[in-house]
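J.:
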Amino acid sequence: SCGNLFSTVLNERWNSIMKIHIGRKFEFEACHFLPGKDIYGECSNLHGHRYELEVIVAGEINENGWLFNFKDLKRLVEDTVISKYDHQNLNEYFEVPTAENMGAYIFQNLSEELKKHNMTLKRIKLNETSKCYVEITEN
């Protein structure tokens, strides 16, 4: 159809002159403690956070006019990350559950899952609090 031809021509042009990224934000609640009061101070006590996770992916605009369905991205992140950690004790998953260790692990797992869909994970940002976060990007 005319619409598909127009869309295909634009998609080829856009994909050749620009990088397109899409993103989505997620939230989950979890508790943890960091082992060693001499190193981590008050964070060595069991405490909770409302984590915010931002996921940015890259790819090419497809024949449908998008990189990836936001609903599919939501499902993938919820299955890979949120359902695993929400309302959990993160010490059961990480020896030292710092934002950096968690972020690196989340990035690695999401990257592997997104590759199955021909998508590239560009960046994640994991907020532990409203003021403190770790950001991890692809090399």
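Using my numbering, the first residue of the sequence shown is number 154, and each one after it goes up by one.
Every residue, glycine too, gets a C-beta built ideally from N, C-alpha and C.
1. Spatial neighbours of Leu229 within its chain, please: CB distance less than 6 Å, with the 5 preceding and 5 following residues excluded, ordered by chain position.
2. Could you tell me how far apart the beta carbons of Asn262 and Thr233 are, in whole angstroms, since I believe they sit closer than 8 Å?
3. Within the present structure, is the beta-carbon of Lys224 separated from the nearest heavy atom of the ligand MN by less than 8 Å?
4. Does DSSP classify Glu253 as helix, strand or coil?
5. Sort out for me which residues DSSP pairs Ile277 with in a bridge.
6. Based on Cα-Cα distance, which residue from Val287, Pro250, Asn292, Arg203 lies nearest to Gly189?
7. Classify Glu216: buried if its beta carbon has 16 or more other beta carbons within 10 angstroms, exposed otherwise.
8. Just reading off the beta strand (DSSP E) that Ile147 is part of, what are its end residues?
9. Specify, as a first and last residue, the run of the alpha helix (DSSP H) that Asp225 falls within.
10. Taking only the alpha-carbon atoms, compute the straight-line gap between Glu180 and Met171 and give it to the nearest angstrom.
11. Kindly indicate the opening and closing residues of the alpha helix (DSSP H) around Ile192.
T.: Reading from the atomic positions:
1. Glu266
2. 6 Å
3. This structure does not include the ligand MN; it has no bound ligands of any sort.
4. helix
5. Val208, Ile289
6. Pro250
7. exposed
8. This structure cannot speak to residue 147, because the chain is shown only from 154 to 292.
9. 223–230
10. 30 Å
11. 190–193
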